[in-house]
Amino acid sequence: MLHPIESSATAARRPAAQPDVDDNPWHTSAACRSDEAGLFFAPSKEPTAARLAREEQAKRVCARCPVLLECREHALAQPEPYGVWGGLTAAERRVVLARRRRREAEIRVPARIAG
Numbered sequence: 000m001l002h003p004i005e006s007s008a009t010a011a012r013r014p015a016a017q018p019d020v021d022d023n024p025w026h027t028s029a030a031c032r033s034d035e036a037g038l039f040f041a042p043s044k045e046p047t048a049a050r051l052a053r054e055e056q057a058k059r060v061c062a063r064c065p066v067l068l069e070c071r072e073h074a075l076a077q078p079e080p081y082g083v084w085g086g087l088t089a090a091e092r093r094v095v096l097a098r099r100r101r102r103e104a105e106i107r108v109p110a111r112i113a114g
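65 is the number that numbering that gives the first Met the number 0 gives to position 66 of the sequence shown; each next residue is one higher, with no gaps.
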C-alpha cells in the first residue's frame, strides 16, 4: 500500500506559482488507494494457499492501475522488501533486480575489453 511522501504542512509551505512533480505524485492515482492494505501485505503466519490467493487478488488490482510502472520502479529502486508493488511480489522483484544486475554487468565487461 502506498504512503504519502510529504505532510500537508510541507506542501503548504511550497510556493503555489511553481509547478512541482510532488503536487501530483504518482501514488495519488494508484488503484490500490481504495483497497485494504492487507490485500497487498501478508499477515504473519499466512498459509501458502491463502498468500497465493491474496497476491493474485492484489495483482488484479495492479493490472488495472494507471501508475503500475511508476509503482514497480519505486519498489525496485527502494527496494521494497515486502508486499505486492507494481504487480510484483517481493520474490518477483528480487528476480527482476538480479536480472538487471546481470545485464548491467554484461554491458560493463565488453566496454572494459574494448577500452
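Just so it is clear, CB atoms sit at the ideal spot from N, CA and C, and this is done for glycine as well.
Give, in chain order, every unbroken run of the alpha helix (DSSP H) that is at least 4 residues long and sits entirely within the stretch 35–104.
47–62, 67–76
Span separating the alpha-carbon of Arg-92 from that of Ala-74:
8 Å
Cα-Cα separation between Ser-33 and Arg-71, rounded to whole angstroms
18 Å
What does a CB cutoff of less than 7 Å around Pro-80 pick up in its chain, not counting 5 residues either side in sequence?
Exclusion of the five residues before and after Pro-80 leaves Ala-89 as the residues of its chain whose Cβ lies within less than 7 Å of its Cβ.
Going by alpha carbons, who is nearest to Ser-28 out of Pro-46, Arg-63, Ala-48?
Arg-63
With DSSP collapsed to three states, give me the class of Ala-30.
helix
Count the other C-beta atoms from every protein chain shown that fall within 10 angstroms of the C-beta of Gly-37, then say buried if there are 16 or more, exposed otherwise.
exposed
Return the CA-CA distance between Pro-18 and Trp-25, expressed in angstroms with no decimal places.
Per-residue confidence for Pro-18 stands at a pLDDT of 39, beneath the threshold of 50, marking its modelled position as unreliable; the derived number appears in the next sentence. Cα-Cα distance, rounded: 15 Å.
Going by the beta-carbon positions, is the gap between Leu-67 and Cys-61 smaller than 7 Å?
yes
Grab me the residues of Glu-54's own chain with a C-beta within less than 8 Å of its C-beta, minus the 5 sequence neighbours each way, in chain order.
Val-83, Thr-88
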